[in-house]
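Under full-length UniProt numbering, think of the first position of the sequence shown as 1, with each following residue one higher. For every residue, glycine included, the Cβ atom is placed at its ideal position computed from N, Cα and C. Have a look at the structure below, then the notes.
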Amino acid sequence: MDQKVLVLNGDYTAITLCSVQKAFVLLFLDKAEMVAKSEHGTLRTISHAYPKPSIIRLQRYVRVPYKGIALSRHNIFKRDHFECQYCGSPKNLTLDHVLPRSRGGESSWTNLLTACARCNHAKGHHTPAEAGLTIRQQPKKPTLAGFLRLSAGTIDQNWHAYLN
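If you want it as structure tokens, here you go:
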């Protein structure tokens, strides 16, 4: 039951992920309709069996003010797949400013990346080029669809049409 369900707005745009339980409640109360069923089992009560939802669509369009993905330590680690962006190590992770703060670098999606403590210490107050390090993936601000893909873990095949 730890699977996620993709929630679509009334206009079929992806807005969030929710638990199977929450999706079932929305379906049961007729606040949403099932767009796609999961291939992984059913939900059972004493007297009924219901298909497990994979994608649901809200019956009404909900105006969601998009504020963007919050800039946080955890979200940067998630964007960078919990790996050092210099050597690929998953251990002793820290945040690194590509352009160091001592040189006017700001804390932003495009200037922060995940680095292991060893690489971060080797880089010091230099830029990656000055320290002889190469960045595996240039830091950029994630899109909502891309971030939902990262948050889901395993992605149901039905979701691809809505997350691209």
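Rounded straight-line distance, which links the Cα of residue j to that of residue i
i	j	result
Leu150	Lys4	12 Å
Val7	Phe77	24 Å
Ile46	Val62	34 Å
Leu17	Leu163	12 Å
Asp2	Arg57	20 Å
Asp40	His121	Inspection of the sequence shows that residue 40 is occupied by His rather than by Asp. Each residue's alpha carbon lies about 46 Å from the other.
Gly105	Gly146	26 Å
Trp159	His97	34 Å
Ala161	Ala152	15 Å
Whether residue i touches residue j by CB criterion (7 Å)
i	j	result
Arg79	Pro142	yes
Lys123	Ala131	yes
residue 171	Ile135	Not covered by the structure: residue 171. The range shown for the chain is 1 to 164.
Ser102	His125	yes
Val25	Ile55	no
For residue j and residue i, believed in contact at Cβ under 8 Å, the rounded distance
i	j	result
Leu93	Thr110	About 19 Å separates the two Cβ atoms, so there is no contact after all.
Pro53	Lys31	With a Cβ gap of about 13 Å, Pro53 and Lys31 do not count as contacting.
Pro139	Leu99	Not quite, the Cβ-Cβ distance comes to about 11 Å (not below 8 Å), so this is no contact.
Tyr66	Leu144	7 Å
Residue i - partner residues in DSSP beta bridges
i	result
Cys87	Per DSSP, none; premise fails for Cys87.
Ile69	In the DSSP output, where bridge partners are listed per residue, Ile69 has none listed.
Tyr50	Leu43
Thr127	Answer by DSSP bridge pairing: none, since Thr127 is not bridged.
Residues of its chain near residue i, where Cβ-Cβ distance is below 6 Å and the 5 sequence neighbours each way are ignored
i	result
Ser89	Cys116
Glu83	Pro90
Cβ neighbours of residue i in the same chain (closer than 8 Å, five flanking residues each side left out)
i	result
Asn9	Ile15, Arg57, Leu58, Tyr61, Val62, Val64
Leu71	Ser107, Ser108, Trp109, Leu112
Ala49	Thr42, Leu43
Same chain, Cβ closer than 7 Å to residue i, five either side skipped, listed in chain order
i	result
Asn75	Ile69
Beta carbon proximity, residue i to chain D, threshold 7 Å
i	result
Leu8	Looking at the structure shown, chain D is missing, and only one protein chain is on hand.
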